[in-house]
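A.B. asks: Before I ask anything, here is the structure I am working with.
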Amino acid sequence: MAQAAARETIALRPAKVVMQLERMGAFHQTRLSFLRALLRRMSARKWRVARQRFDIDGLGVGTAIYSVQAETRRYSLVAFGHQLAPEKRTDRVIAEEWDATFVLCDGTPDELALERLRSNVPLQEAGRYLASELVLARANRSVRLFDQVVAALAAGRQPDAAAVEATGYLMRTTAVYGNGKFGIADRDLLKDRPELSAPFRAEMLIVYLIRSFTLDLVEHLAMLTGGKNAVRLDPGLRRRFGIGNATGLGMAPFLVKHPALIDRWMSARETALARVRNLDRADGEAVALFRTALAKSHRLLANWLTDDAIQMPRIERLRRDLVDLDRFAGASVLSGDRPFDALYRFAESNLSLEAQEYVVTLIIEPHGALVDELAEHMGIDEATCFRIDGSMRCGDLKALIQTHYDFALSVDFEKEDARARFWYVSEEKLEPRLGERFKEPGMEREQPLAVARDIHSLARALDEEAPETRLAAFLLARPEHRHAARRVQIAARHPYSEIRDNLIGADLRPIDILRCKLAFFGATRFDPRSDKWLRITLFQGAPFPDELQGEGLALWAYGG
Amino acid sequence: MIVSLNEIETIVLKAARGAGMAWGLAEEAAQAARWLAARCLPFEALFASLLESEAWRSQVRIDGTSLSPRLADGWLCPIQAGAWLSDLGDNLPVRIERVLCPLLLAPFAARRKGQFELAWEGATLLFDVGAVASPPQRLAALHIARTDAAELKPAGVFEARRSLLVPNKGGSSIDVAGWSKLQNFEARDYVPASLGSRLSGAGAALSDND
């Protein structure tokens with residue numbers, strides 16, 4: 007009997023490895039990331055994007071409309087350009103004016119609808135919207151690069167490629183609102199539309215369209231300034247513009263509030279990794295793609311810069327680690343047995359977390375046929391996970407806690423450091439914030455994100471309860487444990503549902519939560535501006551809508 | 005004003021918490037509101053009056069599958085009772101005595117499998133594999149403020165069912181008075197800014213202009 011048949015399948019990495027914030031904060035985009043899945047769908051189903059209107063003056067003020075024929079439905083991006091005083095240009099969510107504001111809506115807005123949008127969209131969260139509007143967004147110019155690009159094109163030359171690479175975008179979105187905010191369509195209205203039902207698909211679409219708008223805008227402004235001297239961007243250089251995004255704590259609670267959904271995301275990624283590691287042999291095409299992606303990565307990572315004192319050394323180490331990977335990934339490894347597992351194990355034993363997770367990205371990359379369908383299963387109807395099974399006995403719930411929440415039970419919450427922070431919602435902007443429990447007021451209004459502490463407290467309460475008591479009776483008497491009990495039951499069925507760290511500890515780095523979520527979006531060039539907010543780039547290198555049918559779809563995420 | 009289901013879920017979650025409900029019950033309240041709004045049933049006045057009552061603080065007594073307030077003149081909270089009803093599984097019959105806003109029990113009953121009815125004085129709802137119907141009856145009885153007993157029992161036979169499933173096509177027109185009461189409760193969840201929190205809470209102190 008052949009030896010290979012008897013050997014064990016490599017299992018998915020366990021949650022206790024994957025769901026550590028330190029590792030989650032080292033994730034990179036993969037081919038399962040949401041924006042990449044969007045572009046694959048747009049390409050495969052031949053979505054058509056057209057510029058329907060572009061009434062913008064020399065200051066960038068006016069209206070533009072792009073239509074998207076997405077399979078059976080039509081959508082429109084409506085963009086409003088504004089004149090913004092420099093002192094009002096801020097990435098923070100407290101801003102009230104922006105260089106441009108956007109809405110993605112169903113169908114094609116008529117003049118009446120356009121008037122309504124024009125009096126609401128520029129106000130963003132201060133406006134009101136209808137269910138025919140799907141996503142709301144705004145963006146600010148990267149002033150230096152924007153003006154430089156317009157000036158160069160107007161004068162008939164291409165902008166400096168190094169400057170383009172250094173910034174990577176012309177505009178930066180500062181908020182993208184979906185799922186029913188301010189009256190726009192609830193997610194339930196999209197879940198039966200196959201083209202938009204994947205997680206954050208509509209949000210990715212608006213950002214992709216905004217990118218096209220920003221490039222059309224600079225070429226248009228250059229034309230207005232330079233007249234017949236003006237030139238358009240060289241197509242190769244054009245692709246090097248992504249879209250920026252500035253993201254703060256506002257998106258952090260999402261990963262905690264949607265445990266079953268996060269499990270789907272993580273499971274898809276880990277399943278992809280396990281499938282690739284289990285391959286007995288690498289085929290020639292996969293090896294070639296892997297080598298090209300790795301080679302391109304050296305150049306790509308050379309352009310990943312940040313002023314952050316923690317992230318920059320990590321990037322430098324990642325660059326060195328990839329050189330080591332290059333050296334290890336010789337012909338004998340890649341033509342050997344389980345070659346991608348060998349690469350992964352090399353990374354696990356020798357490289358930094360940043361590099362280990364980069365290797366995950368790299369080895370998944372050549373295997374679209376094996377993994378791409380996983381991207382279609384990254385959503386879940388969370389209502390199906392909501393109901394508590396009250397027939398469970400308290401002793402069984404306690405056992406589940408011992409199995410799945412050792413990370414919570416091991417924390418000593420008597421120590422102030424273990425509960426130094428608290429999550430709250432600010433009255434000023436209705437946005438999530440992280441406070442210092444023992445220094446700032448407001449802890450009595452804490453949000454339920456202190457998972458480890460609350461599970462710990464549930465476990466103690468269960469200690470005092472007879473093990474055979476039904477959960478229904480226990481929770482009726484002790485409703486303060488209800489949210490934690492629900493999480494435990496979800497965790498029992500969804501292994502990757504919980505971040506295995508203390509989210510109120512003194513040493514929490516919220517940016518790790520943001521990084522993980524943004525990697526699932528498909529973000530690159532994480533640029534922390536503190537431990538609570540960062541800038542990123544989306545769609546840098548991506549083909550434009552009219553290029554989606556060409557050759558350029560493979561490896562675009564690894565740079566030119 | 006037209007609001008989305010997510011806005012309804014969010015405001016009821018925060019308002020219930022702001023009024024003092026435990027987080028897990030506030031989550032139940034939010035799902036219940038969403039269920040009602042998705043069927044074009046009113047929820048805002050019911051929740052506003054429930055949150056004012058603070059009935060979830062009542063002591064309760066369980067007797068088999070029957071729930072009642074411990075004090076003879078007490079009233080039960082339909083979210084607390086509904087959550088228990090949901091937790092019980094699919095057992096029948098269930099009796100809930102002296103409960104406020106009994107329509108708020110419907111979303112919890114709807115999670116159960118099988119065919120059964122939920123009835124209180126003057127109102128009956130038939131549940132049949134997720135669908136909900138009612139015989140012609142006074143709408144006022146559905147929205148009654150309190151009832152001595154609500155019962156969940158095997159379904160009787162209805163003549164002339166009227167489906168309660170008027171699907172929400174996106175956006176609910178809300179009663180502004182009820183909604184603003186919910187907003188008042190919601191505001192109790194928020195922490196006012198201090199100078200320190202403005203700088204540290206969101207972590208932005210660097211220039212954004214580049």
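Those sequence lines, one after another, are chains A and B. Just add 6 to the spot in the first sequence (first one is 1) and you have the working numbering. Just add 4 to the spot in the second sequence (first one is 1) and you have the working numbering. From the three backbone atoms N, C-alpha and C, an ideal C-beta is built for every residue, glycine too.
#1: Is it a yes or a no for the stretch 206 to 220 of chain A touching the stretch 104 to 118 of chain A, going by three-plus beta-carbon pairs under 8 Å?
#2: Alpha carbon to alpha carbon, how far is L255(A) from I505(A)? Give it in angstroms, no decimals.
#3: Taking 8 Å as the CB-CB cut-off, is G86(B) touching chain A?
#4: Going by the CB atoms, is the gap between H383(A) and V282(A) shorter than 8 Å?
#5: Kindly indicate which residue of L80(B), G78(B) and Q84(B) has the alpha-carbon position closest to the one of Q35(B).
#6: Please name the residue, chosen from A158(A), R79(A), D378(A) and N185(A), that lies closest to A137(A) on a Cα-to-Cα basis.
#7: From I370(A) to G290(A), what distance separates their C-alpha atoms?
#8: What residues in the stretch 18 to 40 of chain B have a beta carbon less than 7 Å from any beta carbon of chain A?
#9: Mind listing which residues of the stretch 482 to 496 of chain A have their C-beta closer than 9 Å to chain B's C-betas, in chain order?
#10: Just checking: is the beta-carbon of N188(B) within a distance shorter than 8 Å of some beta-carbon in chain A?
#11: Using a beta-carbon distance below 8 Å, is A197(B) in contact with chain A?
#12: Can you look up G162(A) in the DSSP assignment and give me helix, strand or coil?
#13: What does DSSP give as the partner residue(s) for A143(A) in the beta ladder?
#14: So which residues of chain B does G396(A) contact, with C-beta pairs closer than 7 Å?
#15: Is DSSP giving T69(B) helix, strand or coil here?
#16: For A8(A), which residues in the same chain have their Cβ closer than 8 Å to its Cβ, ignoring the five residues on either side in sequence?
#17: I519(A) touches chain B at which residues, Cβ-Cβ below 7 Å?
#18: Under the three-state reduction of DSSP, which class applies to A8(A): helix, strand or coil?
#19: Does the distance from the C-beta atom of V262(A) to that of L455(A) stay below 8 Å?
#20: Taking 8 Å as the threshold (beta carbon to beta carbon), is V98(B) in contact with chain A?
#21: At the 8 Å Cβ level, is G401(A) part of the contact set with chain B, yes or no?
#22: Under the assumption that P128(A) contacts V84(A) (Cβ atoms under 8 Å), give the Cβ distance between them as a whole number of angstroms.
#23: Do A252(A) and T173(A) have their C-beta atoms closer together than 8 Å?
#24: Thinking C-alpha only, which one of L403(A), A560(A) and M229(A) is nearest V494(A)?
#25: Hey, out of Y564(A), F545(A) and G565(A), whose CA is closest to L45(A)'s CA?
#26: Taking the CB atoms as reference points, tell me whether E101(B) and A149(B) lie closer together than 8 Å.
#27: Could you pull the start and end residues of the alpha helix (DSSP H) that G565(A) belongs to?
#28: Does the distance from the CB of H487(A) to the CB of L464(A) come in under 8 Å?
#29: Residues in the same chain with beta-carbon distance under 8 Å from P259(A), minus the five sequence neighbours each way, listed in chain order, please.
#30: Among residues of its own chain, excluding the 5 on either side of W124(B), which ones have a beta-carbon nearer than 6 Å to its beta-carbon?
#31: Which word fits V133(B), buried or exposed, when buried means at least 16 other C-beta atoms lie within 10 angstroms of its C-beta?
#32: With a threshold of 16 other CB atoms inside 10 Å of the CB of P473(A), please say whether the residue is buried or exposed.
#33: By the DSSP assignment, the beta strand (DSSP E) with F532(A) in it spans what residues?
#34: Give me the subset of the stretch 102 to 116 of chain B whose CB atoms are less than 7 Å from a CB atom of chain A, sorted by chain position.
#35: Return the chain-ordered list of same chain residues with a C-beta closer than 7 Å to the C-beta of L123(A), the five sequence neighbours on each side being excluded.
C.D. replies: Quick look at the numbers:
#1: Yes: at least three Cβ pairs fall under 8 Å.
#2: In the first sequence, residue 505(A) corresponds to position 499, counting from 1. In the first sequence, residue 255(A) corresponds to position 249, counting from 1. So the two alpha carbons sit approximately 16 Å from each other.
#3: Along the second sequence, one-based indexing puts residue 86(B) at 82. Answer no: the Cβ-Cβ gap between G86(B) and chain A never drops below 8 Å.
#4: Indexing the first sequence from 1 puts residue 282(A) at position 276. Indexing the first sequence from 1 puts residue 383(A) at position 377. For the pair V282(A) and H383(A), the CB atoms are not nearer than the 8 Å cut-off.
#5: Walking along the second sequence from the start, residue 35(B) turns up at place 31. The alpha carbon of Q35(B) has as its nearest neighbour, out of L80(B), G78(B) and Q84(B), the alpha carbon of Q84(B).
#6: Walking along the first sequence from the start, residue 137(A) turns up at place 131. Ranking A158(A), R79(A), D378(A) and N185(A) by Cα distance to A137(A) puts N185(A) first.
#7: Here residue 370(A) is taken as the residue at index 364 of the first sequence, counted from 1. Here residue 290(A) is taken as the residue at index 284 of the first sequence, counted from 1. The C-alpha of G290(A) is placed about 15 Å away from the C-alpha of I370(A).
#8: Considering only beta carbons, the part of the stretch 18 to 40 of chain B lying closer than 7 Å to chain A consists of A26, W27, G28, L29, E31 and Q35, in chain order.
#9: If the cut-off is 9 Å between Cβ atoms, the stretch 482 to 496 of chain A has L482, A483, R484, P485, E486, H487, R488, H489, A490, A491 and R492 near chain B.
#10: In the second sequence, the residue the question calls residue 188(B) occupies position 184. Contacts with chain A at 8 Å (Cβ-Cβ) do not include N188(B).
#11: As a first step, residue 197(B) is located in the second sequence; it is residue number 193 there, counting from the start. Cβ-Cβ to chain A under 8 Å: yes for A197(B).
#12: By 1-based counting over the first sequence, the position of residue 162(A) is 156. G162(A): coil per DSSP, three-state reduction.
#13: As a working note, residue 143(A) is residue 137 in the first sequence. Under DSSP, the beta-bridge partners assigned to A143(A) are F108(A) and V182(A).
#14: Position 390 of the first sequence, counted from the first residue, corresponds to residue 396(A). Identification of chain B residues near G396(A) by a Cβ-Cβ cut-off of 7 Å yields D91, L92 and G93, ordered along the chain.
#15: Here residue 69(B) refers to the residue found at position 65 when the second sequence is read from its first residue. Residue state, collapsed to three classes: coil.
#16: As a first step, residue 8(A) is located in the first sequence; it is residue number 2 there, counting from the start. In this prediction, A8(A) scores a pLDDT of 47, lower than 50, which makes its location untrustworthy; the coordinate-derived value is nonetheless stated afterwards. For A8(A), where only same-chain residues beyond five positions count, there are no Cβ hits under 8 Å.
#17: On the first sequence, position 513 is the one that residue 519(A) refers to. Among the residues of chain B, none has a CB under 7 Å from the CB of I519(A); the nearest is roughly 13 Å distant.
#18: Position 2 of the first sequence, counted from the first residue, corresponds to residue 8(A). Bear in mind that a pLDDT of 47 at A8(A), under 50, signals an unreliable position, so the model cannot answer this.
#19: On the first sequence, position 256 is the one that residue 262(A) refers to. On the first sequence, position 449 is the one that residue 455(A) refers to. Taking 8 Å as the Cβ cut-off, V262(A) and L455(A) qualify as a contacting pair.
#20: Taking the first residue of the second sequence as position 1, residue 98(B) is located at position 94. For V98(B), the closest Cβ of chain A is not nearer than 8 Å.
#21: Sequence index remark: in the first sequence, residue 401(A) carries index 395 (1-based). No, G401(A) does not count as interfacial toward chain B.
#22: Residue 128(A) sits at position 122 when you count from the first residue of the first sequence. Residue 84(A) sits at position 78 when you count from the first residue of the first sequence. The Cβ separation is near 11 Å, so there is no contact.
#23: Working through the first sequence from its first residue, we reach residue 252(A) at position 246. Working through the first sequence from its first residue, we reach residue 173(A) at position 167. Not in contact: A252(A) and T173(A) (Cβ atoms no closer than 8 Å).
#24: Walking along the first sequence from the start, residue 494(A) turns up at place 488. Taking only the C-alpha atoms, the option nearest V494(A) is L403(A).
#25: Taking the first residue of the first sequence as position 1, residue 45(A) is located at position 39. Per the Cα distances, F545(A).
#26: In the second sequence, counting from the first residue as 1, residue 101(B) sits at position 97. In the second sequence, counting from the first residue as 1, residue 149(B) sits at position 145. E101(B) places its beta carbon 8 Å or farther from that of A149(B).
#27: In the first sequence, counting from the first residue as 1, residue 565(A) sits at position 559. Counting along the chain, G565(A) falls outside any alpha helix (DSSP H), and DSSP gives it neither H nor E.
#28: Here residue 487(A) corresponds to residue number 481 of the first sequence, with the count starting at 1. Here residue 464(A) corresponds to residue number 458 of the first sequence, with the count starting at 1. Yes; because the gap between Cβ atoms is below 8 Å, this pair is in contact.
#29: Position 253 of the first sequence holds residue 259(A). Same-chain partners within the cutoff: W429, P438, Q453 and L455.
#30: Here residue 124(B) refers to the residue found at position 120 when the second sequence is read from its first residue. P106, T151 and A154, listed in sequence order.
#31: Walking along the second sequence from the start, residue 133(B) turns up at place 129. With fewer than 16 other Cβ atoms within 10 Å, it is exposed.
#32: In the first sequence, residue 473(A) corresponds to position 467, counting from 1. So P473(A) ends up on the exposed side.
#33: For the purposes of this step, residue 532(A) is identified with residue 526 of the first sequence, where counting begins at 1. Run containing F532(A): T530 to P534, per the beta strand (DSSP E) assignment.
#34: Result list: R115.
#35: Against the first sequence, residue 123(A) aligns to sequence position 117. A distance below 7 Å between beta-carbons, with the five flanking residues on each side excluded, links L123(A) to the following residues of its chain, in chain order: V84, V109 and P115.
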